[in-house]
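Numbering that gives the first Met the number 0 puts the last residue of the sequence shown at 326; the count rises by one with no breaks.
Every residue, glycine too, gets a C-beta built ideally from N, C-alpha and C.
Only a predicted model underlies this, so the values are computations on that prediction, with no experimental measurement involved.
Okay, so here's the structure we're looking at.
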Amino acid sequence: MKKETTIKLLLSVSLAATIITLTACPVKWEFLPDDRNYVWVFCGGNDRLIKINPANAEIVLNIGNFDNIVSMTVEPKDSKLWALDADQKKLYRLSRDGVIEKIIVGFSDPRWVAYNIYDDTVWVADGLSGQVVHLSGEGDLIEKISGFIEVRHLDVDKTQGNVWIADYGGNTLTCLRANGEQILSVEVNTPVSPVVETATNSCWVAEYATGNLYLVKLSGEILRFDMSNPACHQPVMMSYDESSQYIWLIQQDGTLRLVRSDASSEYAITGFGNLTCVSAVYDNLTCWITDTTNDQIIHIGSTGSSIMTVGGYADPQSLAVVNRFGQ
């Protein structure tokens, strides 16, 4: 059933690495074996969507005809990929072996997509339309929720199904239940990249203007963390590690941070180019990042050292790791 709802917001190092350069792409597999921790990468320079084996950087899938995939999310139970193309204004669902199963249209300014394992649904942040779009696992429209100004990012609580929405233009962080009912809305200046702390069902969010971090609890309590030492300059994106409860954070200046659950920095690594995306690997406290300046993706270990640097990508813009939450 299609429904539209308007909500009223309640305000209350230098890297030592193995360098691998890509030269050729093998034929697409008909079916992939267990793809736990495999990595999907979108390359904006040639409009290709690639899936790689993290053990050796072998390309197992290479799919074309996309324009600008800005966000991806993976269903943990069967590795289906949801890929959001901002230029085409389309949301694609692909099988684990790269077959396009669904194409969903009807967006205005799509920015972010998140899969909700709690009820097998999908949420899309529709940017300057001021809406979030709730879809079934088959891509059917459940609800459009308006009342926002510019929704850049959102995240879902995998244990309760709550959806946390960062309204960058409206300077608010809003939490909805899985059915779209509002729980709370709080003021956060220029909020970006909310990530849910599953253990407490709270939400971390970064403040782009200041670089500070906030932990917002369902009770409405807000904890503010000053990230000025060392300075956090214009945070771009965060990825929450479900197993360690640490946060990977990339900044506008090309710095990567690993942040503890008390918001203190484990370390900050510099020396990258333009970082556009980070995705945690739940199994081993590592992450993958995209460096568009150097046309490479990098696998970073728990100590901050580079495990693998894969070069030869054409402007890698976004990526997503196949994680197995709760399995």
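Alpha-carbon to alpha-carbon, W203 and Y167: In this structure, the CA atom of Y167 is about 15 angstroms from the CA atom of W203.
Nearest-angstrom Cβ-Cβ length linking T171 and V187, presumed shorter than 8 angstroms: Contact check for T171 and V187: beta-carbon distance about 7 angstroms, within the 8 angstroms limit, so the pair qualifies.
Distance CB(L255)-CB(L274) smaller than 8 angstroms: Yes; because the gap between Cβ atoms is below 8 angstroms, this pair is in contact.
C231 - DSSP class collapsed to helix/strand/coil: If DSSP states are grouped into helix, strand and coil, C231 belongs with coil.
Proximal residues to P25 (C-beta, below 6 angstroms), its chain only, five neighbours per side dropped: Note that P25 scores a pLDDT of 35, beneath 50, so its modelled location is shaky and nothing firm can be said.
Distance between L90 and T197 (C-alpha atoms, nearest Å): Straight-line Cα distance between these residues: approximately 26 angstroms.
Cβ shell of V194 (< 6 angstroms), same chain only, five flanking positions each side left out: Contacts found: D154, W203, M237 and Y239.
Simplified DSSP assignment, three categories, for P193: When DSSP states are grouped into helix, strand and coil, P193 belongs to the strand group.
P315, DSSP secondary structure in three states: In the structure shown, P315 sits in a strand (DSSP, three-state: E or B).
Beta-carbon proximity of V131 to W81, cut-off 8 angstroms: Against a cut-off of 8 angstroms, the Cβ pair of W81 and V131 comes out as no contact.
Outcome for Y266 when other beta-carbon atoms lying within 10 angstroms are tallied against a minimum of 16: Y266 comes out exposed.
W28 versus Q251: straight-line alpha-carbon distance, rounded: Since pLDDT at W28 reaches only 35, below the 50 mark, its modelled position is unreliable, and the value read off the structure follows with that caveat. Those two C-alpha atoms are separated by around 36 angstroms.
Where Q295 falls: helix, strand or coil (DSSP): Residue state, collapsed to three classes: strand.
Reference Y37, options T291, C276 and V280, closest by Cα: Nearest to Y37 by alpha-carbon distance, out of T291, C276 and V280, is V280.
Identified DSSP bridge partners for M236: DSSP output for M236 lists I249 as bridge partner(s).
Alpha-carbon spacing of V69 relative to W163, whole angstroms: The alpha-carbon of V69 is positioned some 19 angstroms away from that of W163.
C-alpha distance - T292 paired with D314, whole-angstrom precision: Distance between the alpha carbons of T292 and D314 is about 7 angstroms.
Segments assigned beta strand (DSSP E), at least 3 residues, entirely inside the region 78-156: Taking only runs of at least 3 residues, the beta strand (DSSP E) segments lying wholly in the region 78-156 are 80-84, 89-93, 99-103, 111-115, 120-124, 131-135, 140-145 and 150-155.
Own chain residues within Cβ distance below 6 angstroms of E74, not counting five before or after: Apart from sequence neighbours up to five positions away, the residues of its chain that approach E74 with a beta-carbon distance below 6 angstroms are Y114, ordered along the chain.
R47 - containing beta strand (DSSP E), residue span: DSSP places R47 inside the beta strand (DSSP E), whose first and last residues are R47 to I51.
Backbone CA spacing between N61 and K50 [nearest angstrom]: Rounded to whole angstroms, N61 to K50 spans 7 angstroms at the Cα level.
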